[in-house]
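Remember, our numbering sits 102 above the position in the sequence shown when you count from 1.
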Amino acid sequence: FVGIYYRFDTMMISWMKGEKEVGLYNAPYNIIMGLSIVSSSFLQSVFPNISRFFKDSIPKLIKGFKRSLIFMGISGLTIATVGTIFAKQIIYLIYSSAYSESVVTFKILIWSLFFIFLSSTTGVTLNAMDKQKWSLISTTSMAVINIVLNYFLIKSLGINGAAITNVITYLYGFILMGTVCLITINKKRGNYESQPH
């Protein structure tokens with residue numbers, strides 16, 4: 103769902119600030135889009151196991167979910183930290199000093215990747231546990247939050263406002279989907295523990 107919010111961002115930046123700002127925003131966002139492939143590749147390999155564990159083994163489900171979340175969290179945190187420290191060098195290396203105004207935007211936007219990694223993990227887990235309805239609710243509500251925050255923050259902060267909106271949007275998605283995951287897993291574990299073994 104990364105591309106969905108990107109389209110909202112660029113349309114609203116174009117409408118409110120102009121095409122030059124869209125270009126300055128696209129530069130760091132394209133890097134984020136590329137890095138998000140890391141989470142997609144990993145989670146595609148994890149999905150079948152989580153789906154099977156949900157049906158066959160609650161202890162393995164809990165272990166698999168925790169390991170995936172920790173791995174994605176550490177990966178996202180590492181990338182975000184390195185990206186923040188070397189933001190200027192990264193932007194200048196990939197694009198040139200003409201995109202100096204994109205450096206601060208990249209420093210903010212890179213932290214959305216941390217929450218993209220986490221929210222993607224919880225989203226895949228929801229689908230594996232047959233909770234597609236909650237994935238849809240999360241995606242829809244994230245879109246609403248993204249549009250509303252973009253309207254106010256782009257107006258006042260420009261492309262940095264759009265970057266902040268992205269961080270908040272994915273943080274919200276992680277909290278919502280993570281909460282549903284925990285409730286579902288705990289309910290399933292309660293049913294599992296109440297059965298004779």
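Idealized CB from N, CA, C, for every residue including glycine. Predicted, not measured: the structure shown is a model, and the values here were computed from it.
message: Assuming Phe219 is part of the alpha helix (DSSP H), what are its boundary residues?
response: Ser204 to Ala230
message: Which residue wins for smallest C-alpha separation from Phe173, given the options Leu211, Thr207 and Phe219?
response: Phe219
message: Please classify Leu238 as buried or exposed, where buried requires at least 16 neighbouring CB atoms within 10 angstroms.
response: exposed
- prompt: Where do the ends of the alpha helix (DSSP H) carrying Lys190 lie?
  reply: Ala189 to Ile196
- request: Going by CA-CA distance only, name the one from Phe155, Ser147 and Leu215 that's closest to Thr180.
  value: Leu215
- request: Identify the continuous alpha helix (DSSP H) that holds Gly125 and give its terminal residues.
  value: Glu121 to Asp158
message: Rounded to whole angstroms, what is the Cα-Cα separation between Pro150 and Ile266?
response: 34 Å
- prompt: So Met279 and Ser243 are in contact, right, with Cβ under 8 Å, and what is the actual spacing, rounded?
  reply: So it is not a contact: roughly 10 Å between Cβ atoms.
Nearest-angstrom beta carbon gap, Leu273 and Phe217 [assumed within contact, 8 Å]: 5 Å
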